[in-house]
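> Below: one structure in structure tokens.
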Amino acid sequence: MPAAERVIENPVSGERIVIRTAAAETDGKLMEWDLFLAPGGRVPSSHCHPGQVETFTVLEGRLRFRIGLRRVIAGPGDQVRVAANTVHHFANAGRETVHVAVRTEPALNMEELLATAAALGRNQVAAGRRLPHLIDLALFVRDFAAEVRAPVLPPSLVAAALQPVVRLARRFGWDRRYRRARDSGAGRR
0 MPAAERVIEN PVSGERIVIR TAAAETDGKL MEWDLFLAPG GRVPSSHCHP
50 GQVETFTVLE GRLRFRIGLR RVIAGPGDQV RVAANTVHHF ANAGRETVHV
100 AVRTEPALNM EELLATAAAL GRNQVAAGRR LPHLIDLALF VRDFAAEVRA
150 PVLPPSLVAA ALQPVVRLAR RFGWDRRYRR ARDSGAGRR
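In structure tokens, the structure reads:
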């Protein structure tokens, strides 16, 4: 599927993502995407990207950011840049869908991360769960450690805590649900 037609929808966060420029088109240097965030929509948790810079340009609506300790409300025409390794969170600050152009540099596996998160979100909604399965979350954090990390805990501590969970999940086949979600999110069957 051409990048311009790649749409990712996450029912948990209220995100609709349209990939405009995929990593493969830029030798991994960047990914450009449109984010449509429904009223009440928000990124699921505070996070940071260890080696990526994100630039958000609000096209329609209002987006509320928390960047480190700073709070920002961005409206049409406003641009917000989040440096690598900076803890941030964002949410729709209005009653209408917000439309934001996002640029992620370098791209790394951000498209696969977004698609996997959306597939896990669909599973979560279908199962009627308020929270994701902990094993799915552990595998997700491990698989996308280069793209995203928890805001407070040292990465080495997170990796050490996840290692036995990942090992047990593989050994007993508890990772099947996650693998199916990741494969479906990536468009693989």
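Residues in the sequence shown are numbered consecutively from 0, following numbering that gives the first Met the number 0.
Note that beta-carbon positions come from the ideal geometry of N, C-alpha and C, so glycine has one too.
No experiment lies behind these values; they were computed from the predicted model shown.
Let me make sure I understand the geometry here. Which of 7, 40, 184 and 24 has the alpha-carbon closest to that of residue 106?
Counting from 1 along the sequence shown, the entry for residue 106 is found at position 107. The option with the nearest alpha carbon to residue 106 is 24.
> With a threshold of 7 Å on Cβ separation, who are the neighbours of residue 59 within its own chain once the five nearest residues in sequence on each side are excluded?
As a working note, residue 59 is residue 60 in the sequence shown. So the qualifying residues of the chain are 75, 97 and 98.
> Please report how far the alpha carbon of residue 8 lies from the alpha carbon of residue 153, in whole angstroms.
In the sequence shown, residue 8 corresponds to position 9, counting from 1. In the sequence shown, residue 153 corresponds to position 154, counting from 1. Spanning the two alpha carbons is a distance of roughly 30 Å.
> Who pairs with residue 20 in a beta bridge, going by DSSP?
Within the sequence shown, the letter at position 21 stands for residue 20. Under DSSP, residue 20 shares a beta bridge with 31.
> May I ask you to list the residues that DSSP assigns as paired with residue 103?
Numbered from its first residue, the sequence shown carries residue 103 at position 104. Answer is 30 and 53.
> Who does residue 91 pair with in a DSSP beta bridge?
Here the question's residue 91 lines up with position 92 in the sequence shown. Beta-bridge pairing links residue 91 to 62.
> Under three-state DSSP, which class holds residue 147?
Start at 1 with the first residue of the sequence shown, and residue 147 comes out as number 148. It is coil, neither helix nor strand.
> Considering only their Cβ atoms, is the gap separating residue 19 from residue 54 smaller than 7 Å?
As a working note, residue 54 is residue 55 in the sequence shown. As a working note, residue 19 is residue 20 in the sequence shown. In this structure, residue 19 does not lie closer than 7 Å to residue 54 by Cβ.
> Let me check understanding here. Comparing Cα to Cα, which of 155, 6 and 11 lies closest to residue 130?
For this step, residue 130 is matched to residue 131 along the sequence shown. Nearest option by C-alpha distance: 11.
> Looking at residue 113 and residue 16, is the spacing between their C-beta atoms short of 7 Å?
As a first step, residue 16 must be located in the sequence shown, where it is residue number 17. As a first step, residue 113 must be located in the sequence shown, where it is residue number 114. Yes, they are a contact pair.
> Would you mind working out which of 64, 135 and 95 sits nearest residue 167, comparing C-alpha positions?
Residue numbering aside, residue 167 sits at position 168 when the sequence shown is read from its first letter. Cα-wise, what sits closest to residue 167 is 135.
> Do residue 79 and residue 45 have their C-beta atoms within less than 7 Å of each other?
As a working note, residue 79 is residue 80 in the sequence shown. As a working note, residue 45 is residue 46 in the sequence shown. Taking the C-beta atoms as reference points, residue 45 is found no nearer than 7 Å to residue 79.
> Fully enclosed by the region 147 to 185, which alpha helix (DSSP H) runs are 4 residues long or longer?
Those alpha helix (DSSP H) runs which fall completely within the region 147 to 185 and span 4+ residues are 154 to 171 and 175 to 184.
> Looking only at its chain, what residues have a beta carbon closer than 7 Å to the beta carbon of residue 2, apart from the 5 residues adjacent to it on each side?
Locating residue 2 in the sequence shown gives position 3, counting from the first residue. Reliability fails at residue 2, whose pLDDT of 44 lies under 50, so the model's placement of it is uncertain and the value that follows must be treated cautiously. Around residue 2: 18, 19, 20, 21 and 24.
> Where does residue 86 sit, in a helix, a strand or coil, going by DSSP?
Here residue 86 refers to the residue found at position 87 when the sequence shown is read from its first residue. DSSP places residue 86 outside both helix and strand once states are collapsed to three, so it counts as coil.
> Going by beta carbon distance, what residues of the same chain come within less than 7 Å of residue 39, once the five residues before and after it are set aside?
Here residue 39 is taken as the residue at index 40 of the sequence shown, counted from 1. For residue 39, where only same-chain residues beyond five positions count, the Cβ hits under 7 Å are 13 and 91.
> Between which two residues does the alpha helix (DSSP H) carrying residue 121 extend?
Residue numbering aside, residue 121 sits at position 122 when the sequence shown is read from its first letter. Its alpha helix (DSSP H) spans residues 109 to 125.
> So, at 8 Å on beta carbons, what are the nonlocal neighbours of residue 158 in its own chain, with the 5 sequence-adjacent residues on each side left out?
On the sequence shown, residue 158 is found 159 positions in, with the first residue counted as 1. For residue 158, where only same-chain residues beyond five positions count, the Cβ hits under 8 Å are 141 and 144.
> Could you give the DSSP three-state label for residue 73: helix, strand or coil?
As a working note, residue 73 is residue 74 in the sequence shown. Strand at residue 73.
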